[in-house]
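In this note's numbering, the protein residues as written are 198 to 272.
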């Protein structure tokens, strides 16, 4: 994961835009912006349930992703 984050950082530092679809909490915590789709999977999902920074998502805890990310970063 650290190698992947380092590579993504180098791409961003060189002026590139990077979009990552990922559930790994360390990758989400490292992101500049999160778009959370839900509220469930399959037919129960597909709607934007949160959009903002990882810190805002952790603070809001308004989605399952926010709850899991908050537990992962220890808040």
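Beta carbons: idealized from backbone N, C-alpha and C, even for Gly.
In its own chain, leaving out the 5 sequence neighbours on each side, no residue places its CB closer than 7 Å to the CB of residue 218. Separation of residue 230 and residue 248 (C-alpha to C-alpha, rounded to the nearest whole angstrom) is 7 Å.
Of all alpha-carbon atoms in 205, 263, 222, the one lying nearest the alpha-carbon of residue 214 is that of 205. When the five nearest sequence neighbours on each side are left out, the beta carbons in the same chain lying within less than 7 Å of the beta carbon of residue 243 are those of 234, in order along the chain. Taking a 10 Å sphere around the C-beta of residue 198, we find fewer than 16 other C-beta atoms and assign the residue as exposed.
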